[in-house]
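Here the structure comes first, spelled out in structure tokens, and everything after it is commentary.
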Amino acid sequence: MKKWIRALALLFALTMVAAACGADDAVEDAVDEATEAAEEVAEEAEEAAEEVTEEAEEAMEEEEEEAPAEEEAAGYAPGSPECVAPADAGGGWDFTCRSIGQLFEDLGLTSNVVVTNQPGGGGGVAFADVAANRADNSDLVIAASPATAIRFAQKQYTGLEADQFRWIGAIGADFGVVAVPADSEFETFDQLIEAVQADPASVVFGGGSPVGGQDHFKVLLLSQELGIDPAAIPWVAYDGGGEAQSALLGGEIQVATLDVSETIGNEDLRILTVMAEDRVPGMDDVPTTTELGYETIFPIWRGLLAPGGMSDEAYDFWVDALGQVEASPEWAAAREENGLSPLRLLGDDFQGFALQAVTDFRTLSEPFGLVAE
Amino acid sequence: MSDRLLGLVCLALAVWYTVEARTFDGTGFGSGPVGPKTLPTGLGIIFGALALYLILRPDGEPRWPTRQALWQIGLVIAASYTYGQVMQPVGFIFASAAIIVIIGMLFKARLQLLLPLSIAFPVVLAFIFNNWLELRLPAGWWGGF
Amino acid sequence: MTTAMVAVSIFAFNLLDGFQAALTPRNIGLALVGCLLGTLIGVLPGIGPITGVAILFPITLSLGLDDAATLILLASVYYGSQYGGSTTSILLNVPGEASSVVTTLDGYQMARQGRAGQALAIAAIGSFIAGTASVLGLMLFGPPLSEITTRFQSPEKFMVVVVAFATVSSLAGRNLAKGLLAVMFGIILSTVGTDLQTGVVRYTFGELKLQEGMDFVVVAIGLFAVSEVLSLLEDTVRGEQVVFQKAERIWVTFKEFMFSLGAIIRGSVIGFFVGLLPGTGASVAGFMSYGLEKRLSDTEGTFGTGDIRGVAAPESANNAAAGGSLVPLLTLGIPGSGTTAVLLGILISMGIRPGSGNVFAETPELIWTLIASMYIGNLMLLLLNFPLVKMFVKILEIPPWFLMPMILVISYIGVYSVNNSSLDITIMTLFGVLGFIFRKLEVPLAPVLMGLILGDDLEQNFRRSLVASQGDYTTFVDGWLNIILVLMALGVLFLPQILSRVRGSSVNDEFADAGAEV
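Chains as they are written, first to last, in the working numbering: chain A, 265 to 637; chain B, 1076 to 1220; chain C, 132 to 649.
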């Protein structure tokens, strides 16, 4: 509540400023009035703010008492921690920053984490800015997902390579799914594969990304494994998974490759397979690709990376902090709400995994001219 | 004459736009029945035709700004551009104060009224953005909020 | 018939439950705070309803409110920010988001004539009526209407966009050729960026920032607001007084209300139905309702010069579209717009998964609380309007020497804070200059924005249709729905001609000719 009171006070103060400049002839009166009002308001706001701080301090103390056994983080503590979401507010990367950032703060690992949205170029604007201007900033982390790895692989972040950044870790993963309408002729994944193998052009696929983007990559990987020419499979690109679902239900496309989080619990859809090794909570009755005998899996991990010039000390701090978030019940709850499966891939393990993914994606993209020169 | 000039500029844009469109080829996946070059090509041609029409049938002359007005408009443009460039190093508050003073004076402000407002207004805005909307504005010389 | 009535009474009953859950003194307080905050957010250009709600949601969570309270707060913020966006469109000619572009056309003219109060009031009244109508529509026809959503696939959506473009001559001003030039220029701008189908990058000059396309807000504020400041500066140099007429009244009379009622109702209906279409809905609604209203009612040529119906129609349509977009969200789990995507995230975090069967029939309490919340937000905004309008109209009394720099700084910083890019400020300034030149040459500005907003929908839906049909062009006239849409597009083009025949007057001949040329 307190935050809102402060904001209200500000709104009031702003109005007063506006009103003060309103009447040219009555400037003095208005200014007096405004000053008085603003002072009052400011006092109230201050009080409110103090209360908030007190509460926060109390909360933090409690936190400390609760978890004294938690291992002491490395000697580094970020002064003004910042999480860059390389996209607009409201998307997946923004979610990563806001939810993990909030937990860093709530668990007493860092002070208030500022989330900066830096959209453009599928993340390229943010990466270019960080690499050019803030490459040695140790307080800064950037949200990432396989889409990041794909764009690195296709050299879409002009002049930047994945190993110019330090990959901190991934906690939580969504998985790709292959979805058809509930009344589709395809009852099993094998039926679908049979039809596609018989005539790749006969089944229209679609999803929320262009050719060579994240959703289309699921088709690419599968068709590569099956030895089908992916270029022969029609692909319709939509502006996000929501539109693709609408097209699927309306029969414009027969199959959509989406994510678990987008489709979980939707009874209008039939999920043929989850592109994972193990069954996913909430989709316990859907076979995974591994169970069906395919190698292809498609985890959409949610992770963080850091500028290349981050010190080892700071890197260790962030790896440790992210690990603590992963282990917390709060993250477990947030993860579940958003249809993510558990995943814990930290530090060097993640660095190796991510760079390998970039290499694989590049190998796959090159024959189709998807890698920029 | 002005309309003809606009027509010429648009025609040039149309030609460049259409020529450029021809270079858009799909990837190894082909580009579907209608590729990425089709709409721009058609658009460029229609745009060019409209530009030609404008050259052939221009309207009357508008009242263009006087030389003095042009100077002042140029000043606003220069100030705006600089504002964006210096935002990061100088910070939101001082950059804003400067641009408010410049533009305010062009609109014939009294400096003694304008100066305090030019600082007060960005300070209030910065407070709202940083503390409540949690959108961080560059602090620059002000040194944190 | 009886089943329908039973259904209605069940829905009404549930809605009452929803209200009961929502209407506590604390929640009403939250609605008040939310509306005020939302208005403030909406007034800052660049930070629209989506960003506002997305940013505030985690903060709301940390406040530890219960679900109903959270929904009310966010719904109020949403409505408040939409209203805030209209406010700047009307008062300052700054359209903060796509849906309020057309509002500037008559709204800003009204403000200059000292009728800002009426414009703001009718916007609030129209929004409220439209909101009420769309809640009713949602309750009565929600589940069956979801059929419509899935019927409208890419070919149909393409036709809807064509219908919207067919209204362009109502935005074109005196010289139709220039109007068409403007709309084509807008579509050209819309092709900048990564092509959604093939991933090919077009017209970005190697600038990464442009890969995601021209930012609408940047272009809109440049063309409208920055160029307005430049124009007013020129007037000042000329020695002409830059003052807005002082407002005589700040509320609408009953007569004005009745005069706008038709526009409000038509706007609500169009908005609601267009809102059902995922993706296309929200941006088309305003343009379509304005265009149709002008073609239907503008017998004296007053649209564009400060006609109150020119504010009432698009504002109602926007609000109704927001309600309409809830249908696919709640029945199919399909978020049709940025805002509904955020809303979906919020619902999911509360344990509701729309799209799992019929959420209306299974009536989770929260759905009704949500609907009640949106309604309360709407009502609160109407009530707040009385004091707020008074305050907003005062903004126009700020002398230009401070108002003008204020507008520029707020415009620049609103966008900068969201995108953190100085390139945006440069682009905005460039479009300001362009807007200034266009004004001088009487090239209308609104069609540029129309082209920019709808150009992408036009191209992508066209190409999607053809990929899906594997190159078969008959997909566009396949089925009765498409035929109706084609007839609608033709109807929109020739409506003034038809109307003037019927009315036996020749007032509209100019427009009829204009329409025929399109």
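Cβ coordinates follow ideal geometry from the N, Cα and C atoms, glycine included.
Answer with yes or no whether the minimum CB distance from residue i to chain B is below 9 Å.
i, result
"C/N306", "yes"
"A/L634", "yes"
"C/R243", "no"
"A/G386", "no"
"A/T360", "no"
"A/V305", "At A/V305 the pLDDT is 45, less than 50, meaning the model places this residue with poor confidence and gives no usable figure here."
"C/S300", "no"
DSSP three-state call for residue i: helix, strand or coil?
i, result
"A/D532", "coil"
"A/D438", "strand"
"A/E346", "strand"
"C/R325", "Sequence inspection shows Thr at residue 325 of chain C; the Arg mentioned does not correspond to that position. Residue state, collapsed to three classes: strand."
"A/S409", "coil"
"A/P606", "strand"
"A/A443", "strand"
"C/V332", "strand"
"B/P1042", "In this structure chain B extends from 1076 to 1220, so residue 1042 of chain B is not present and cannot be described."
"A/I564", "strand"
"A/A570", "strand"
"A/V378", "strand"
"C/F283", "coil"
"A/G384", "coil"
"A/R430", "strand"
"A/L640", "This structure cannot settle anything about residue 640 of chain A, because the visible part of chain A is limited to 265 through 637."
"A/V468", "coil"
"A/A294", "Because A/A294 carries a pLDDT of 39, less than 50, the predicted location of this residue cannot be relied on, and the following value inherits that uncertainty. Three-state DSSP puts A/A294 in a helix."
Count the other CB atoms within 10 Å of the CB of residue i; is the residue buried (16 or more) or exposed (fewer)?
i, result
"A/Q518", "buried"
"A/A597", "exposed"
"C/I614", "exposed"
"C/K309", "buried"
"C/S552", "buried"
"C/D197", "exposed"
"A/S466", "exposed"
"C/S447", "buried"
"C/G370", "exposed"
"A/A462", "exposed"
Let me see if you follow: with CB-CB separation under 9 Å, is residue i close to chain C or not?
i, result
"A/D293", "Confidence at A/D293 is low in this model, with a pLDDT of 41, below 50, so the placement of that residue is unreliable and no value is reported for it."
"B/L1210", "yes"
"B/F1204", "yes"
"A/S409", "no"
"A/V468", "yes"
"A/G354", "yes"
"B/P1191", "no"
"B/L1081", "yes"
"A/Y558", "no"
"B/F1169", "no"
"A/E315", "Only weak support is given to the placement of A/E315: the predicted model assigns it a pLDDT of 49, under 50, and the question is left unresolved by the model."
Against residue i, what residues of chain D qualify as contacts under a CB-to-CB distance less than 8 Å, listed in chain order?
i, result
"A/P498", "Structure shown: chain D not included; protein chains present are A, B and C."
Taking CB distances under 9 Å as the criterion, tell me whether residue i reaches chain A.
i, result
"B/T1141", "no"
"C/A351", "no"
"C/P459", "yes"
"C/G337", "yes"
"C/K377", "no"
"C/N145", "no"
Just to check my reading of the structure: residue i and residue j have Cβ atoms closer than 8 Å, yes? What is that Cβ distance to the nearest angstrom?
i, j, result
"A/A396", "A/V348", "About 13 Å; that fails the 8 Å criterion."
"C/N158", "C/A199", "7 Å"
"A/L536", "A/L456", "6 Å"
Checklist entry - Whole beta strand (DSSP E) runs in the segment 1086–1172 of chain B with 3 or more residues, listed along the chain? => result none
Next on the checklist: Just to confirm the assignment: which complete beta strand (DSSP E) runs, minimum length 3, are found wholly within the segment 470–532 of chain A?
Outcome noted: Correct list: 499–501, 519–523.
Checklist entry - What runs of the alpha helix (DSSP H), each 4 residues or longer, lie entirely inside the segment 377–419 of chain C? => result The qualifying runs are 385–406.
Checklist entry - Quick one: complete alpha helix (DSSP H) runs, 4+ long, within the segment 415–479 of chain C? => result 440–455
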